[in-house]
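One structure is given below, encoded as structure tokens.
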Amino acid sequence: MAARGGKGWRWGGAVLGVAVLLGFPIVVSDVYLQHLAIFFLLWVTLGTSWNLLGGYAGQISFGHAAFFGMGAYTSSLLFAKLGFPPWPGMLLGGVAGILLALPMGHICFRLRGPFFALSMLALSEFLRLVTLNWRDLTEGAVGILLPPFFISKLPYYYIALALAAATMLATWFLVDSKVGFYLLAIREDQDAAEALGIDTTWYKLVALMVSAFFSAMAGSYYANYMAYIDPPIVFSIVDISIAMILVAVLGGMGTLWGPVVGALVIVTLSEAFRAYFAAAHLIVYGVLIIVVIVFMPEGIVGSLAARGPRWLRPRVATDAPGASQG
Amino acid sequence: MKRMGWISMLAIALVCMATSASVAGEVIKVGLPLPLTGIHAKFGEAIRNAYLLGLEEITAAGGVTKGAFKGSKIELLIEDTTSKPEVARSAVEKLITRDKVPMIVGEYSSSNVFAVAAVADKFQIPYLSQTGAADNITQQGWKWVFRVNQPASEYAGGLQDFLLKVVKPKSMAILFENTLFGTSLSKAVQEWTKEVGIEVTNFEPYEAGAIDFKPMLLKVKAKNPDVMFMVSYLMDAMLLMRQSKELDINPKIFAGGAAGFTMPEFIEGARGAAELVYSATLWAPDVKYKGAREFYDKYYKKYGVHPEYHSTEGYAAAYVLKDVLERTKSLKNEDLREALAATDMLTPFGPVKFEAYKKFINQNRLPTLVVQIQKGKLVTVWPKEFAAADYVYPVPKWAERK
Chain A
29 MAARGGKGWR
39 WGGAVLGVAV
49 LLGFPIVVSD
59 VYLQHLAIFF
69 LLWVTLGTSW
79 NLLGGYAGQI
89 SFGHAAFFGM
99 GAYTSSLLFA
109 KLGFPPWPGM
119 LLGGVAGILL
129 ALPMGHICFR
139 LRGPFFALSM
149 LALSEFLRLV
159 TLNWRDLTEG
169 AVGILLPPFF
179 ISKLPYYYIA
189 LALAAATMLA
199 TWFLVDSKVG
209 FYLLAIREDQ
219 DAAEALGIDT
229 TWYKLVALMV
239 SAFFSAMAGS
249 YYANYMAYID
259 PPIVFSIVDI
269 SIAMILVAVL
279 GGMGTLWGPV
289 VGALVIVTLS
299 EAFRAYFAAA
309 HLIVYGVLII
319 VVIVFMPEGI
329 VGSLAARGPR
339 WLRPRVATDA
349 PGASQG
Chain B
11 MKRMGWISML
21 AIALVCMATS
31 ASVAGEVIKV
41 GLPLPLTGIH
51 AKFGEAIRNA
61 YLLGLEEITA
71 AGGVTKGAFK
81 GSKIELLIED
91 TTSKPEVARS
101 AVEKLITRDK
111 VPMIVGEYSS
121 SNVFAVAAVA
131 DKFQIPYLSQ
141 TGAADNITQQ
151 GWKWVFRVNQ
161 PASEYAGGLQ
171 DFLLKVVKPK
181 SMAILFENTL
191 FGTSLSKAVQ
201 EWTKEVGIEV
211 TNFEPYEAGA
221 IDFKPMLLKV
231 KAKNPDVMFM
241 VSYLMDAMLL
251 MRQSKELDIN
261 PKIFAGGAAG
271 FTMPEFIEGA
281 RGAAELVYSA
291 TLWAPDVKYK
301 GAREFYDKYY
311 KKYGVHPEYH
321 STEGYAAAYV
331 LKDVLERTKS
341 LKNEDLREAL
351 AATDMLTPFG
361 PVKFEAYKKF
371 INQNRLPTLV
381 VQIQKGKLVT
391 VWPKEFAAAD
401 YVYPVPKWAE
411 RK
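Protein chains in written order, with my numbering: chain A, 29 to 354; chain B, 11 to 412.
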């Protein structure tokens, strides 16, 4: 808990941050920027929920698109088949994510090694194939086209903001509680954690369920916002599962603000490069990611925490993996 | 001296403002979102090239040559949508709100067309789609969305006609790539078989990118259907035909549902197994539409690649755009929409006229063609009025061929 002296500054900063976030879509009426802000918030949610499990509990998932897609399909099908309103449907989407996480975690967390990562990969591919082939229920590859719910972007923005804030608060709360210390203990040395009497399977499962809940809510949100989903889009390994890892790793695994910075980099820079560098945008973007990973192996926030000036260090600096060596 | 500088700059600025206020000589910027990177990059590039070829010709001929915008040049603002719907949405929101384009054309995959169409319709900016195939693109009641190409369910219209009049099959196997296009077209054909009383012996989806079709083909062989209908992309089309020949499957005809079966690479890659295969298609270079052959030659000369229907659609859309700008009263959305709706012209892709029929609105209603591979060449054989040569039927069994 560094920088205790800066408490006043922190509160001031927090109030300012909240004001900026709440006021953004009112001051900036450009829908293009609003759209980018919405995607930034969506990726904060996704990066943070992956980070809770991967960064804090050390359980790497290669297939979080399983939860994302599950949420997207749950709320969309509820709406398309039963007329169930899509925004409450988002909550049910999140619950569907938990229901999916329960058996997965229950089975996989008893094992060590890469089993969980690979099982998640398999799960997301399995769900992609099921939704692709269960044509009577899901329309298969034709996908589900929903009517757009709001004309204005304001409601979308505030829902995305609420979702991102809830995910970050849940992470903050969990990590600051006893559970958070258990998770860190599990990440650093599972045997030692067991020896201390921590039910490692259960606490890993708790982290997975929270992570799945918010990932699935984000999936439902995506479906509501984009108003069209199909299996290759929502169960995409590269565009969802890997991108979630990228957001967390780039920003800083195991830090609260890492995924926020990661999402900012991924969403805004990739769009800026796309808009201004034409065909070369992927090269520029790729080089940037390589540079960050080579020179800041603990992610942007993680590296700043370890080496940066004192006032820049985030509050959870001591949680960053490798921070102690830096 | 300094004051003189200011005054002359002011004068220049005033002159500039005056010229931009008058319409003649203006540059009209139109948005063209396309997937230039990512999984659909190949198609995005082919379509971009076709638009640019069309635009080059239009500009060389004096740009917009009639109407309120006589003498204006058209500029296409190309945005790479990286084959992702959310990026297509970013791109089109940028085009509309930042670049203030009066109209949008382009996109390729149906999922991206949905994203663009929803935004265009919300902002009430006319959008002309030339390739997205999903039926519901023009079934959503989107007043501002127009489509040049046929909807997926109609891709096999010409082929169905050919089957009823020439082949008169009793049974049919339907094999398809499990994608939006494959599923939509196969379902439409399956429903049609129920109407006309053809028994479907096999209805088999396969994963995109599959390479071993023998287990599926053996099931087909056991049923020995009259027609084997396949909706496939390039590699799977080649492999399906090669493996059908190896397994000596002999339906009365092999028929493809556009896509892979009409690509020049298919004929080469199928190594002789492509001969006499039929396929539905939207367009072929020898079709008797004015300018079709010329487009094919020009495109091939400029890019060194054989264009297929995706490119022709882009080229045709560029000319539709020019035609609309020659007829519109202003660049206001209502006027542009009205001009689009009143389109009635001939393009190398066929006549373009937007109609409302069945559940569709703003939909160009075009016949689809049947091509057959004869002596290693794609030949239009049906319908009769557009045919370049006679069809070869009956098709001899593999063993009886030389």
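For every residue, glycine included, the Cβ atom is placed at its ideal position computed from N, Cα and C.
Query raised in the report: Where does serine 32 of chain B land, buried or exposed, given buried means 16+ other C-beta within 10 angstroms?
Result: Locating residue 32 of chain B in the second sequence gives position 22, counting from the first residue. Confidence in serine 32 of chain B is poor, its pLDDT being 42 and thus under 50, which makes the residue's placement too unreliable to answer from.
Query raised in the report: Which of helix, strand or coil does DSSP assign to leucine 290 of chain A?
Result: Residue 290 of chain A sits at position 262 when you count from the first residue of the first sequence. In the sequence on display, residue 290 of chain A carries glycine and not leucine. Per DSSP, reduced to three states, the secondary structure at glycine 290 of chain A is helical.
Report task. Measure the C-alpha to C-alpha separation of tryptophan 78 of chain A and arginine 138 of chain A and round it to an integer number of angstroms. Result -> Taking the first sequence and counting its residues from 1, the one referred to as residue 78 of chain A is at position 50. Taking the first sequence and counting its residues from 1, the one referred to as residue 138 of chain A is at position 110. Each residue's alpha carbon lies about 20 angstroms from the other.
**Report entry** Simplified DSSP state of proline 179 of chain B, which is helix, strand or coil
**Finding:** Locating residue 179 of chain B in the second sequence gives position 169, where the first residue counts as 1. The answer is coil: DSSP assigns proline 179 of chain B none of H, G, I, E or B.
Query raised in the report: Going along chain A in order, which residues have a C-beta closer than 9 angstroms to the C-beta of proline 215 of chain B?
Result: One-based indexing of the second sequence puts residue 215 of chain B at position 205. Neighbours of proline 215 of chain B on chain A, chain order: Leu160, Asn161, Arg163, Gly168 and Ala169.
Query - glycine 41 of chain A versus alanine 223 of chain A: straight-line alpha-carbon distance, rounded - result: Counting from 1 along the first sequence, the entry for residue 41 of chain A is found at position 13. Counting from 1 along the first sequence, the entry for residue 223 of chain A is found at position 195. Using only the alpha carbons, I get a separation of about 41 angstroms.
Report task. Take the Cβ of histidine 63 of chain A as the centre, count every other Cβ of all protein chains shown within 10 Å, and call the residue buried at 16 or more, exposed below. Result -> Within the first sequence, numbered from 1, the residue matching residue 63 of chain A stands at position 35. Answer is buried; the Cβ neighbour count reaches 16.
Query raised in the report: Using a C-beta cutoff of 9 angstroms, does leucine 191 of chain A count as contacting chain B?
Result: The sequence position of residue 191 of chain A within the first sequence is 163, counting from 1. Output row for leucine 191 of chain A: interface = no.
Requested in this report: Measuring only between beta-carbons, confirm whether alanine 89 of chain B sits less than 9 angstroms from chain A.
Outcome: In the second sequence, the residue the question calls residue 89 of chain B occupies position 79. Position check: residue 89 of chain B holds glutamate in this sequence, whereas alanine was assumed. Taking Cβ atoms only, chain A reaches closer than 9 angstroms to glutamate 89 of chain B, which makes this a yes.
Query raised in the report: When the Cα atoms are used, what is the spatial distance from valine 275 of chain A to alanine 291 of chain A?
Result: Sequence index remark: in the first sequence, residue 275 of chain A carries index 247 (1-based). Sequence index remark: in the first sequence, residue 291 of chain A carries index 263 (1-based). Their Cα atoms are separated by approximately 5 angstroms.
Query raised in the report: Is there at least one non-hydrogen atom of the ligand ZN closer than 8 angstroms to the beta-carbon of tyrosine 61 of chain B?
Result: You won't find the ligand ZN in this model; it holds no ligand whatsoever.
Query raised in the report: What's the C-alpha gap between glutamate 304 of chain B and lysine 132 of chain B?
Result: Counted from its first residue, the second sequence places residue 304 of chain B at position 294. Counted from its first residue, the second sequence places residue 132 of chain B at position 122. Using only the alpha carbons, I get a separation of about 38 angstroms.
Query raised in the report: Does the pairing of the region 187–199 of chain B with the region 167–185 of chain A give three or more beta-carbon distances under 8 angstroms?
Result: Remark: three or more beta-carbon pairs, one from each stretch, lie closer than 8 angstroms, so the region 187–199 of chain B and the region 167–185 of chain A are flagged as touching.
Report task. Give the DSSP-derived three-state secondary structure of methionine 272 of chain A in the structure shown. Result -> Walking along the first sequence from the start, residue 272 of chain A turns up at place 244. Reduced to three states, the DSSP call for methionine 272 of chain A is helix.
Requested in this report: Compare the Cα-Cα distances from tyrosine 309 of chain B to each of B:Pro358, B:Gln373, B:Phe156 and B:Ser194 and report the closest residue.
Outcome: On the second sequence, residue 309 of chain B is found 299 positions in, with the first residue counted as 1. Of the listed residues, the one whose Cα sits closest to tyrosine 309 of chain B is B:Pro358.
Query - Straight-line gap, glycine 167 of chain B to threonine 107 of chain B (C-alpha atoms, nearest Å) - result: As a first step, residue 167 of chain B must be located in the second sequence, where it is residue number 157. As a first step, residue 107 of chain B must be located in the second sequence, where it is residue number 97. Answer to the nearest angstrom: the Cα atoms are 40 angstroms apart.
Query raised in the report: Between the Cα of valine 59 of chain A and the Cα atoms of B:Ser242, B:Ser100 and B:Leu46, which residue gives the shortest distance?
Result: The residue given as residue 59 of chain A occupies position 31 in the first sequence. Among B:Ser242, B:Ser100 and B:Leu46, the Cα nearest to that of valine 59 of chain A belongs to B:Ser100.
Query raised in the report: Should the region 149–156 of chain A be called in touch with the region 93–100 of chain A, which here means at least 3 C-beta pairs below 8 angstroms?
Result: yes
Query - Span of the alpha helix (DSSP H), counted from its first residue to its last, around alanine 101 of chain B - result: Numbered from 1 along the second sequence, position 91 holds the residue referred to as residue 101 of chain B. Taken as a continuous stretch (DSSP letters only), the alpha helix (DSSP H) holding alanine 101 of chain B covers 95–107.
Query - Segment contact, 8 angstroms Cβ cut-off, at least three pairs: the region 133–153 of chain B with the region 68–84 of chain B - result: no
Query raised in the report: Under 9 angstroms between C-beta atoms, does serine 100 of chain B make it to chain A?
Result: Along the second sequence, read from residue 1 onward, the residue named residue 100 of chain B stands at position 90. At least one chain A Cβ lies under 9 angstroms of serine 100 of chain B.
Query raised in the report: Within 10 angstroms of its Cβ, does glycine 141 of chain A collect 16 or more other Cβ (buried), or is it exposed?
Result: Along the first sequence, read from residue 1 onward, the residue named residue 141 of chain A stands at position 113. The residue in question, glycine 141 of chain A, is exposed, as its Cβ has fewer than 16 Cβ neighbours within 10 Å.
Report task. Using three-state DSSP, classify serine 32 of chain B as helix, strand or coil. Result -> Your numbering for residue 32 of chain B matches position 22 in the second sequence. Only weak support exists for where serine 32 of chain B lies, its pLDDT of 42 falling under 50; the value from the coordinates is given anyway. In the structure shown, serine 32 of chain B sits in coil (DSSP, three-state: anything other than H, G, I, E or B).
Query raised in the report: Roughly how many angstroms separate the alpha carbons of alanine 328 of chain B and lysine 262 of chain B, rounded to a whole number?
Result: Reading the second sequence from its first residue, position 318 is the one you call residue 328 of chain B. Reading the second sequence from its first residue, position 252 is the one you call residue 262 of chain B. Roughly 40 angstroms separates the two Cα atoms.
Query - Near-chain E residues of the region 290–314 of chain A - C-beta to any C-beta below 9 angstroms - result: Looking for chain E here will not work: the only protein chains present are A and B.
**Report entry** alpha helix (DSSP H) segments (min. 4 residues) lying fully within the region 214–292 of chain B
**Finding:** 224–233, 244–256 and 274–279
Report task. Measure from the C-beta of methionine 254 of chain A to each C-beta in chain B and report whether the shortest distance is under 9 angstroms. Result -> What you label residue 254 of chain A is simply residue 226 of the first sequence in a count that begins at 1. Output row for methionine 254 of chain A: interface = yes.
Requested in this report: Indicate the three-state DSSP secondary structure (helix, strand or coil) for lysine 204 of chain B in the structure shown.
Outcome: Taking the second sequence and counting its residues from 1, the one referred to as residue 204 of chain B is at position 194. If DSSP states are grouped into helix, strand and coil, lysine 204 of chain B belongs with the helices.
Requested in this report: With distances taken Cα to Cα, identify the nearest neighbour of isoleucine 413 of chain B among B:Tyr299, B:Lys104 and B:Ser120.
Outcome: For residue 413 of chain B there is no data in the structure shown, the boundaries of chain B being 11 and 412.
Report task. Pull up the distance between the alpha-carbon of valine 362 of chain B and that of asparagine 374 of chain B, whole angstroms please. Result -> Residue numbering aside, residue 362 of chain B sits at position 352 when the second sequence is read from its first letter. Residue numbering aside, residue 374 of chain B sits at position 364 when the second sequence is read from its first letter. Looking at the two C-alpha atoms, the distance is approximately 6 angstroms.
Query raised in the report: Per DSSP, what kind of secondary structure is leucine 361 of chain A in: helix, strand or coil?
Result: Nothing in the structure corresponds to residue 361 of chain A, since chain A is present only between 29 and 354.
Query raised in the report: Does the distance from the CB of leucine 70 of chain A to the CB of tyrosine 253 of chain A come in under 9 angstroms?
Result: Taking the first sequence and counting its residues from 1, one reaches residue 70 of chain A at position 42. Taking the first sequence and counting its residues from 1, one reaches residue 253 of chain A at position 225. Yes, these two residues count as a Cβ contact at 9 angstroms.
Query raised in the report: Taking only beta-carbon atoms, is phenylalanine 67 of chain A less than 9 angstroms away from chain B?
Result: Reading the first sequence from its first residue, position 39 is the one you call residue 67 of chain A. By this cut-off, phenylalanine 67 of chain A is an interface position.
Query raised in the report: Counting contacts by CB-CB distance shorter than 9 angstroms, is proline 183 of chain A in contact with chain B?
Result: Reading the first sequence from its first residue, position 155 is the one you call residue 183 of chain A. Chain B, which has no Cβ nearer than 9 angstroms to the Cβ of proline 183 of chain A, makes this no.
Query raised in the report: Between isoleucine 270 of chain A and cysteine 136 of chain A, what straight-line distance do the alpha-carbon atoms span, to the nearest angstrom?
Result: As a first step, residue 270 of chain A must be located in the first sequence, where it is residue number 242. As a first step, residue 136 of chain A must be located in the first sequence, where it is residue number 108. Computed Cα separation, rounded: 20 angstroms.
Query raised in the report: Should methionine 29 of chain A be flagged as near chain B, meaning a C-beta pair shorter than 9 angstroms?
Result: The residue you call residue 29 of chain A lines up with position 1 of the first sequence. Its pLDDT being 42, under 50, methionine 29 of chain A is placed unreliably in this model, and the coordinates cannot settle the point.
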